[in-house]
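Here this note's numbering runs 800 ahead of the position in the sequence shown, where the first position is 1.
By construction, the Cβ of each residue, glycine as well, lies at the ideal position given by its N, Cα and C atoms.
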Amino acid sequence: MEIENQNNLMEEQNLNITPRMQNDLLGFAKWLKFLSVLGVIGVVLMIIASVVLLIVGFVGSALLDFTAEKSIVMGVIYLAVALLYVYPFKKAFGFIRKIRQAFSQKDNLNAEEAFQDLRQGMKFIGILTIVCLVLYVLILVVVLVAASVLANSPF
C-alpha cells in the first residue's frame with residue numbers, strides 16, 4: 801500500500817533528473833565499477849585458493865597418507881564464500897551498464913532496471929550481513945559455553 805502511494809506521488813510530482821544528479825550517479829557508477837572489479841579479482845583469488853586447498857587435500861590424503869579433512873573443508877568453505885559474492889557483483893555490473901545506457905539513450909526503462917539491480921544487490925548483501933552477524937553471535941555463545949565448561953572440568 802505504501803509503495804503504491806509513493807508511486808502515485810512520484811507520478812504526480814514528475815521527478816526530473818538534473819544534470820548534477822546525472823553526474824553524481826555516473827560518478828557513483830565509476831566507483832562501483834572500480835570496487836566491483838576489485839571484488840571480482842578477490843572472488844577469482846578465492847576460487848584459486850579453494851581449488852589449491854581441495855587438490856592438496858585430495859592428493860595429500862591419497863599419495864602422502866595423511867588426513868587432509870581441514871584442507872578439504874577450508875577449500876569447500878572458500879568456494880562457497882566466493883560463489884556467494886558472485887551475485888552482488890553481477891548486479892553491480894548490471895546497474896553500471898544499465899545506468900550508463902539510460903543516460904546515454906534517455907531511456908527510463910534502463911534506469912528502472914538499473915535501480916532494480918542496485919536494490920536486489922544491496923538486499924542480498926544486507927541479508928548476507930544479517931546471516932553473518934547471527935552466525936557470529938552463535939559462535940560467540942558456543943565458545944563462551946565451551947570455555948565455561950572447560951574451566952570447570954577437572955582436566
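Taking the Cα of T818 as reference, the smallest distance to any Cα among K906, V843 and K923 is reached at K906. Segment contact: the stretch 873 to 888 against the stretch 839 to 859, three or more CB-CB distances shorter than 8 Å; contact assigned. Leaving aside the five residues that flank K891 on each side, the residues in its chain whose CB is nearer than 8 Å to its CB run, in chain order, D917, L918, Q920, G921 and F924.
Under the three-state reduction of DSSP output, K906 falls in the coil class, being neither helix nor strand. The C-alpha of A911 is placed about 55 Å away from the C-alpha of S948. Shown here, I817 sits in coil according to DSSP, grouped into three states, outside any helix or strand. Excluding its 5 nearest sequence neighbours in each direction, Y887 has C-beta neighbours in its own chain below 8 Å: G921 and F924, listed in chain order.
Here A951 is exposed: its Cβ has fewer than 16 other Cβ atoms, across all protein chains shown, within 10 Å. About 35 Å separates the beta carbon of G894 from that of S871, a gap too long to meet the 8 Å contact definition. Residue environment: K830 is assigned as exposed (fewer than 16 neighbouring CB atoms within 10 Å of its CB, all protein chains considered).
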